[in-house]
Amino acid sequence: MHLFISLVLFLSLGYDALAAPAGVVRSQHKSKSFRVERVRRSDYVPNGPVALRKAYRKFGIAPTDFSGIDLDDFEPFDVKHTSMAVSSNKAADETEQTGSVSATSVQGDVEFVSPVQIGGQTIIMDFDTGSSDMWVMNTELPKSAISGRTVYNPSNSSTFQEVNGTFKISYGDSSYANGGLGKDTVSIGGAVVKNQIFGLPTEVSDSFISDENSNGLVGLGFSSINTFDPGPQKTFFDNIAPDLDEPVFTSRLKSEGVGEYEFGTIDHKKYSGQLVNVTVDNSNGFWEFEAAQFSVNGSSLQTITDTPTAIADTGTSLMLVSPQIVKAYYGGWAQYSGSVGGYIFPCDFELPSLSVAIGNKFQATIPGSLINFAEIGKNKTTGGTVCYGGVQSNSGSSLQIFGDVFLKALFVVFDQRGPSLGFASPK
Ligand SMILES: *[C@@H]1O[C@H](CO)[C@@H](O)[C@H](O)[C@H]1NC(C)=O
Ligand SMILES: *[C@@H]1O[C@H](CO)[C@@H](O)[C@H](O)[C@H]1NC(C)=O
Ligand SMILES: *[C@@H]1O[C@H](CO)[C@@H](O)[C@H](O)[C@H]1NC(C)=O
Ligand SMILES: *[C@@H]1O[C@H](CO)[C@@H](O)[C@H](O)[C@H]1NC(C)=O
Ligand SMILES: *[C@@H]1O[C@H](CO)[C@@H](O)[C@H](O)[C@H]1NC(C)=O
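Each residue of the sequence shown is one higher than the one before, counting from 20 in my numbering.
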């Protein structure tokens, strides 16, 4: 974990805590907020098709468009493989996928991670507003799955307790994690929830094992879609929210370097202009909002006819939009390749911006530079590098999934009041 040694947590001062019966540490006077850095993995190698497959798996989306150019003139770059021990059951989740880019590599499908303390042990995890389970890699997993990583050891924690129940995540394909439940004191950036319930996998598929730099997930979606058996358990945010100054957390991601999450307060110095408040429909358990119009490079607004809502998902790297948007956005200068799995274009092309109307009061504009996701190969005819788009199709699914490509362009408030989302331009 040498990467994170220099990582510093900013704890808010005046965090005056007293134990309280609810299991949450309460402060006498409400003055609580806390920040946690979101760190870009130093070994992060963005891999567009892998990020797309991961999102499709997560939301059970079936790829439908296998059309597109044959790519005789396209030569994919070799993607570096991690040289970790691979467990016996070579999961089909990465191999059933076609694609010119190495299908087995899942390195780089998570860009940002944050430190979380469980029973006093610091574990590097992903924060995921697109799901609601918390689970952590731990010493109950086979040695081959955890070698070389810092995982949670329940037997080293005096506050750990087993919980009668199970958890099982399985995505659209054979990617999975399953095991029992436990509870322990969980602290994020200095805010403490006692008896937070989380999953302790005893088995995980290779797609999780290969991602060496994340040791679990903190789900920040709505508790209604928590998948634990015998029934949904509260997320960390639901547990801590009653104790915060305001029942919110904000995200301010950055394309390079350190971004942050802040819980409990809206720091008005972090954005410029208006903070626009949009109603959230949480009936599907997501931070879902109206996004019914778009425009390309500042031209006039067009109405999205099939999927007028989107979810804000910190756990997805790309921005997955209606097929109507990708067609309009990439028209003329990019090519769709079913075999690569997405839209590609010459890397030196200056991408247009994409704006999305959020509700009817705000237009979020994602600059073209954020939409140039990663190099993916070489054009054999011209010798030029070919890049993969950060905006890709949601394959006609009923959800548009606005991940990091979108979120990096904004300051976002996830607000339990309403519930609602606030959007502004970051400073
Ligand atoms: C490679 O470059 C040629 C000439 O500009 C172009 O027609 C072709 O579509 C390019 N192929 C890819 C995969 O980018
Ligand atoms: C955790 O427990 C293991 C044995 O189960 C021990 O080897 C290790 O040193 C302990 N780690 C800490 C940080 O106490
Ligand atoms: C655990 O749950 C199972 C089934 O839900 C039940 O049969 C068993 O009695 C429970 N055990 C304890 C110790 O609560
Ligand atoms: C987008 O707009 C800018 C200026 O408004 C222009 O220079 C650029 O060529 C446009 N890009 C495309 C792809 O139309
Ligand atoms: C956003 O709107 C909701 C009502 O829909 C309200 O409760 C909440 O306080 C508002 N948030 C902000 C930051 O003004």
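Glycine included, each C-beta is placed from N, C-alpha and C at the ideal position. The structure displayed is predicted, hence computed values, not measured ones.
Quiz item: At what residue ranges does the segment 243–302 contain a whole run of the beta strand (DSSP E), taking only runs of 3 or more?
Solution: You should have 267–271, 278–282, 290–298.
Self-check item: Three CB pairs or more closer than 8 Å across the segment 173–188 and the segment 258–271
Solution: Remark: fewer than three beta-carbon pairs, one from each stretch, lie closer than 8 Å, so the segment 173–188 and the segment 258–271 are not flagged as touching.
Exercise. Please list, in chain order, all residues of the same chain as residue 381 whose beta carbon is under 6 Å from its beta carbon, the five residues on each side excluded.
Key: If the five residues before and after residue 381 are omitted, its C-beta is found closer than 6 Å to the C-beta atoms of 295, 442, all from its own chain and listed in chain order.
Quiz item: Whole-angstrom Cβ separation of residue 150 and residue 299, contact assumed at under 8 Å?
Solution: Their Cβ separation, rounded to whole angstroms, is 16 Å, which puts residue 150 and residue 299 out of contact at 8 Å.
Practice problem: With a floor of 3 residues, list each beta strand (DSSP E) that falls wholly inside the segment 209–237, ordered by position along the chain. | Solution: Within the segment 209–237, the complete beta strand (DSSP E) runs of at least 3 residues are 210–223.
Quiz prompt | Neighbourhood of residue 416 by C-beta distance below 7 Å, restricted to the same chain and skipping five residues each side | solution = The beta carbon of residue 416 sits closer than 7 Å to the beta carbons of 78, 80 from its chain, once the five residues preceding and following it are set aside; these are given in chain order.
Practice problem: Take residue 367 and list the residues in its own chain whose beta-carbon comes closer than 6 Å to its own, dropping the five residues that flank it on each side. | Solution: In its own chain, leaving out the 5 sequence neighbours on each side, no residue places its CB closer than 6 Å to the CB of residue 367.
Quiz item: Is the distance from the Cβ of residue 259 to the Cβ of residue 310 below 8 Å?
Solution: Against a cut-off of 8 Å, the Cβ pair of residue 310 and residue 259 comes out as no contact.
Practice problem: May I ask which residues mark the beginning and end of the beta strand (DSSP E) holding residue 435? | Solution: Careful: residue 435 lies outside any beta strand (DSSP E) and carries neither H nor E.
Self-check item: Inter-residue Cα distance where the pair is residue 312 and residue 226
Solution: Residue 226 has its alpha-carbon roughly 35 Å from the corresponding atom of residue 312.
Quiz item: Can you list, in chain order, the residues of its chain whose CB lies under 6 Å from that of residue 378, leaving out five sequence neighbours each side?
Solution: The residues are 297, 309.
Quiz item: In three-state DSSP terms, what is residue 194?
Solution: DSSP places residue 194 in coil when its eight states are reduced to three.
Exercise. Pick out whichever of 175, 248, 430, 71 has its Cα sitting closest to the Cα of residue 281.
Key: For residue 281, the nearest C-alpha among the options comes from 430.
Quiz item: Using the rule of at least 16 other Cβ atoms within 10 Å of the residue's Cβ for burial, across every protein chain shown, is residue 202 buried or exposed?
Solution: So residue 202 ends up on the buried side.
Quiz item: Does ligand 5 have even one heavy atom less than 7 Å from the beta-carbon of residue 434?
Solution: Yes, since a heavy atom of ligand 5 falls inside the 7 Å radius drawn around the Cβ of residue 434.
Practice problem: State the Cα-Cα distance for the pair residue 143 and residue 427, rounded to the nearest angstrom. | Solution: Between residue 143 and residue 427, the alpha-carbon positions lie close to 21 Å from each other.
Self-check item: Expected contact under 8 Å - CB spacing of residue 74 and residue 420 to nearest Å
Solution: By a beta-carbon distance limit of 8 Å, residue 74 contacts residue 420. Their separation comes to about 6 Å.
Quiz item: Given that a residue counts as buried once 16 or more other Cβ atoms are within 10 Å of its Cβ, and exposed if not, what is residue 85?
Solution: Counting every other CB atom within 10 Å of its CB across the protein chains shown gives residue 85 a total below 16, marking it as exposed.
Exercise. State the DSSP-derived secondary structure class of residue 388, mapped to helix, strand or coil.
Key: Residue 388 falls in the helix class under three-state DSSP.
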